[in-house]
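**Student:** Residue 59 is where the sequence shown ends in this note's numbering, and the numbering goes up by one at each step.
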Amino acid sequence: DTSLELDGFIGKMEDDYHEQEQMEQEREQ
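#1: If you follow the alpha helix (DSSP H) that Gln50 is part of, which residue opens it and which one closes it?
#2: Cα separation between Ser33 and Asp45?
#3: Tell me which same chain residues have a C-beta within less than 7 Å of the C-beta of Glu51, skipping the five on either side of it?
Here it is as structure tokens:
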């Protein structure tokens with residue numbers, strides 16, 4: 031089911047995005 035694959039892909043992208051934000055915040059401190 032392509033919609034399920036798309037959900038997983040978007041979820042991974044969001045996870046990567048949040049990880050980047052956390053890393054940047056930790057660097058600022």
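For each residue, glycine too, the CB sits at the ideal point set by N, CA and C.
**Tutor:** Inspection of the coordinates gives the following:
#1: Thr32 to Glu58
#2: 18 Å
#3: none
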